[in-house]
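In what follows, a structure is listed as structure tokens, so that the remarks can point back to it.
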Amino acid sequence: MNNKYELIYEGKAKKVFSHQDEDKVIIEFKDDATAFNALKKAKFEGKGKLNCLISARIFEHLKQHNIPTHYLELKNGNTMVAQKIKIIPLEIVLRNIAYGSLCKQTTIESGTVLEKPLIDIYLKNDELNDPLITKDRIQLMKILSSRDLDLIIDLTLKINKILKSFFKDIQLRLVDFKLEFGYDFNKNIVLGDEISPDNCRLWDLNQKNDTIVSLDKDRFRNDLGGLIEAYSEINQRINELI
Ligand code: UDP
Numbered sequence: 712m713n714n715k716y717e718l719i720y721e722g723k724a725k726k727v728f729s730h731q732d733e734d735k736v737i738i739e740f741k742d743d744a745t746a747f748n749a750l751k752k753a754k755f756e757g758k759g760k761l762n763c764l765i766s767a768r769i770f771e772h773l774k775q776h777n778i779p780t781h782y783l784e785l786k787n788g789n790t791m792v793a794q795k796i797k798i799i800p801l802e803i804v805l806r807n808i809a810y811g812s813l814c815k816q817t818t819i820e821s822g823t824v825l826e827k828p829l830i831d832i833y834l835k836n837d838e839l840n841d842p843l844i845t846k847d848r849i850q851l852m853k854i855l856s857s858r859d860l861d862l863i864i865d866l867t868l869k870i871n872k873i874l875k876s877f878f879k880d881i882q883l884r885l886v887d888f889k890l891e892f893g894y895d896f897n898k899n900i901v902l903g904d905e906i907s908p909d910n911c912r913l914w915d916l917n918q919k920n921d922t923i924v925s926l927d928k929d930r931f932r933n934d935l936g937g938l939i940e941a942y943s944e945i946n947q948r949i950n951e952l953i
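FYI, the numbering for the sequence shown is 712 to 953, going by my numbering.
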């Protein structure tokens, strides 16, 4: 990245740089992959670019469905321009099918189709290991008002409906995903972060039997191999949608 832009934040999978407009930022998607609160780390050449392209297309699709997002435009390769937002320190996970931590922490069997989407909220705090948090604790910590929390939950449910259908059209089942929201310069709540196979579980529907074929970060978490191939496949299916 050109050094006229100042690095203002570096996370596990992205770098955020300043923009000439004070209300915008440039987001660079890195090739790094982490799992289990960064206990497991690796680099996959080309992952950053694929996630940037996939996220951009999904944000565009959500915008067309009136979901406010921070996304503005693709810049080049693995970078996009976005609105500068103040991130709310919560990870909003929506689950359509029971998998991952839900099955480790409850007696719900892996693969159970949930009667209605389940929303689990986690506190975004690496030191505390992103604990599951309650509505009352969110209020107690004064993270956001109950009205704004309801708004975020409502937006997440809407996003789920849009994304489920989007992914179904490219033969993928949306198992679960994680969202982050923030406040823009006008104090409006907008969707931030990314929507990519790094933070969505996506199962291939092009399977003859019931075998689960993950086209997402579980390929890395569970040492399945073929992560770049899976992400490229998703990008290709999205491109064929046009
Ligand atoms: N997720 C994420 N970041 C996290 C934790 C989870 O993007 O720090 C996503 C994950 O990719 C999955 C969903 O949220 O799509 C639910 O993950 P889960 O709580 O099952 O956690 P995991 O099994 O990854 O530990």
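Beta carbons: idealized from backbone N, C-alpha and C, even for Gly.
Open item on the list: Let me make sure I understand the geometry here. Which of ASN787, LYS786, ILE769, LEU805 has the alpha-carbon closest to that of PRO779?
Closed with: Counted from its first residue, the sequence shown places residue 779 at position 68. Nearest C-alpha to PRO779: ILE769.
Task: Three-way DSSP call (helix, strand, coil) for ILE945 in this model - done: What you label residue 945 is simply residue 234 of the sequence shown in a count that begins at 1. The answer is helix: DSSP assigns ILE945 an H, G or I state.
Task: Supposed contact pair ASP743 and LYS752 - C-beta distance, whole angstroms, cut 8 Å - done: Mapped onto the sequence shown, residue 752 falls at position 41. Mapped onto the sequence shown, residue 743 falls at position 32. Sure, about 7 Å apart at Cβ, within 8 Å.
Open item on the list: At a cut-off of 7 Å, would you count CYS911 as near the ligand UDP, judging by its Cβ distance to the nearest heavy atom?
Closed with: Position 200 of the sequence shown, counting from 1, holds the residue named residue 911. Within the cutoff, so yes.
Open item on the list: Just list the residues that DSSP pairs THR818 with in beta bridges.
Closed with: Within the sequence shown, residue 818 is the residue found at index 107, counting from 1. Its beta-bridge partners do not exist; DSSP assigns none.
Task: ASN795 in three-state terms, based on DSSP - done: To locate residue 795, count along the sequence shown from 1; it is residue 84. Note that residue 795 corresponds to Lys in the displayed sequence, not to Asn. Here LYS795 sits in coil by DSSP.
Task: Residue burial classification, PRO908 (beta-carbon count within 10 angstroms, cutoff 16) - done: For the purposes of this step, residue 908 is taken as the residue at position 197 of the sequence shown. Flag for PRO908 reads buried.
Task: Inter-stretch contact (C-beta, 8 Å, three-pair minimum) for the segment 757-771 and the segment 782-789 - done: yes
Open item on the list: When you compare the CB positions of ILE849 and LEU855, do they come within less than 8 Å of one another, or not?
Closed with: On the sequence shown, residue 849 is found 138 positions in, with the first residue counted as 1. On the sequence shown, residue 855 is found 144 positions in, with the first residue counted as 1. The answer is yes: Cβ separation under 8 Å.
Task: Continuous alpha helix (DSSP H) stretch holding LEU839: start and end - done: Translated into positions along the sequence shown, residue 839 becomes position 128. Run containing LEU839: none; DSSP gives neither H nor E here.
Task: Span separating the alpha-carbon of ASN899 from that of THR817 - done: Start at 1 with the first residue of the sequence shown, and residue 899 comes out as number 188. Start at 1 with the first residue of the sequence shown, and residue 817 comes out as number 106. Near 35 Å, if we compare the C-alpha coordinates of THR817 and ASN899.
Open item on the list: Taking 8 Å as the limit between beta carbons, can you name the residues of its chain near SER766, skipping five residues before and five after?
Closed with: Reading the sequence shown from its first residue, position 55 is the one you call residue 766. These residues qualify, in order along the chain: PHE740, TYR782, MET791, GLU905, ILE906, SER907.
TODO: Starting from SER857, trace the alpha helix (DSSP H) both ways and give me its first and last residue.
DONE: Here the question's residue 857 lines up with position 146 in the sequence shown. Unbroken alpha helix (DSSP H) run through SER857: 857-880.
Task: Cβ neighbour criterion (16 or more within 10 Å) applied to ALA749 - done: The sequence position of residue 749 within the sequence shown is 38, counting from 1. Exposed, since its Cβ has fewer than 16 Cβ neighbours within 10 Å.
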